[in-house]
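Comments concern the structure below.
Residue numbers (the numbering used here), protein chains in the order written: chain A, 1 to 217; chain B, 1001 to 1217.
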């Protein structure tokens, strides 16, 4: 599958590498063309990896991944272009963390609405799925690096887009029963508001290499 | 151990039963004496169970458990009396859920501060530990009712009070490595903000009988 990833940070590059190693073609998009981090990434990953602007990455992808910072995601997606997102599954893995008051950051949900819902409202023709935002990048891209089963969540209003997301997660190594559909896109609120607990856990465990598993009765 | 539980709802009575069956003495406190639900509970549980006002329950306990609704907890603890809380571990299991806008409820954290921190600020001589608020009452009181290991969190600034909480959790059947200390009381923010995800999971799983386990790398 062709995947356009917006964002050249740790999340974008780590997911990009994971997707290329799973047999997909990935174009990593940045604000301006000729981004140094993106170029280094493409050189390291080799065949299947390419770079471009946000718009070029989004146009390339049959699926688009928002891996930009949560506070600039709407701006980055606007640069990507409504027409390059229309009709496509848009996997939103970003978290709207505000570090302006120091650490720990606060989660920004204007009017109690999640970033994912704000993206969907701004780009109504995209098919937004919130996923993967509840863990560190290395675990997103290589779930089998943890010693036992754990969970990844999906929230979205478009059933077909969630099915595409499930397929992509499977190609990264996520088992079917590890993928937990938590409902419509409004459930992205809980996925984003989980971040403060994640940050506390990272602090107390002394590592970001962990995740949670849903244990059913 | 003598435990005073404030609140006669499902959480208070279920935890109360669990603690009595674990060999503790429990006094269940309510706003007014002669509360019918509390009386029924005490009659069912038998020896080790008693009832009283919030103040009588708090006075009775060497440990106090806040199992009142999160939006009325400060009022209930005020009725319990600063002098009956002073120096005691206060296990806050409440969630500040606001159902005034319908379902799903919103989590209320004034100025980004958790209910547990607000309680600590209002009752500075109590030794507040946030715990058990991240699951349904039946799982709190009987963790072995789930088929595999799962996690319960502790947040608090008083190390000795967290040790008392650990001992009490152990008496309910929580294994030492299931009890995860997430740090100081500010980490209660994440424990309370987890509730929207919990509510989404309850909806998608069709059951409240579940919990999460922390899986470490």
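Glycine residues also receive a C-beta, built at the ideal position from the N, C-alpha and C atoms.
Counting C-beta neighbours from all protein chains within 10 Å, is the total for residue i 16 or more, i.e. buried, or is it exposed?
i	result
residue 1144/B	exposed
residue 1043/B	exposed
residue 40/A	exposed
residue 207/A	exposed
residue 1056/B	buried
residue 98/A	exposed
residue 131/A	buried
residue 100/A	exposed
residue 117/A	buried
residue 1004/B	buried
residue 989/B	Here chain B has residues from 1001 to 1217 only, and residue 989/B is not among them.
Helix or strand or just coil, what does DSSP make of residue i?
i	result
residue 54/A	helix
residue 1012/B	helix
residue 1216/B	strand
residue 157/A	coil
residue 1169/B	helix
residue 177/A	helix
residue 1211/B	strand
residue 1182/B	coil
residue 236/A	Outside the displayed span of chain A (1 to 217) sits residue 236/A, for which this structure offers no information.
residue 121/A	helix
residue 1086/B	coil
residue 1146/B	coil
By Cβ distance, which residues of its chain are closer than 7 Å to residue i, with the 5 residues on each side in sequence left out?
i	result
residue 1134/B	1153, 1191, 1194 and 1198
residue 984/B	The structure shown has nothing for residue 984/B, since chain B only spans 1001 to 1217.
Along the chain, where does the alpha helix (DSSP H) that runs through residue i open and close?
i	result
residue 1196/B	1195 to 1205
residue 113/A	No alpha helix (DSSP H) contains residue 113/A, which DSSP labels as neither H nor E.
residue 1073/B	1073 to 1080
residue 39/A	36 to 45
residue 135/A	Careful: residue 135/A lies outside any alpha helix (DSSP H) and carries neither H nor E.
Can you find a C-beta in chain B that's less than 7 Å from the C-beta of residue i?
i	result
residue 166/A	no
residue 210/A	yes
residue 148/A	yes
residue 91/A	no
residue 124/A	no
residue 197/A	yes
residue 217/A	yes
residue 184/A	no
residue 200/A	yes
residue 97/A	no
residue 189/A	yes
residue 106/A	yes
Any beta carbon of chain A sitting closer than 7 Å to that of residue i?
i	result
residue 1181/B	yes
residue 1213/B	yes
residue 1132/B	no
residue 1204/B	yes
residue 1071/B	no
Excluding five sequence neighbours on each side, which residues of the same chain lie with their C-beta closer than 6 Å to the C-beta of residue i?
i	result
residue 86/A	125
residue 150/A	211 and 213
residue 180/A	151, 153 and 214
Starting from the C-beta of residue i, find all residues in its chain whose C-beta is less than 8 Å away, skip the five residues before and the five after it, and write them out in chain order.
i	result
residue 216/A	none
residue 1119/B	1066, 1073, 1074, 1077, 1090, 1092, 1126 and 1128
residue 1176/B	1166 and 1170
residue 1183/B	1155
residue 209/A	136, 138, 139, 145 and 146
Give the range of the beta strand (DSSP E) segment to which residue i is assigned.
i	result
residue 25/A	25 to 30
residue 65/A	63 to 66
residue 128/A	127 to 131
residue 1092/B	1089 to 1092
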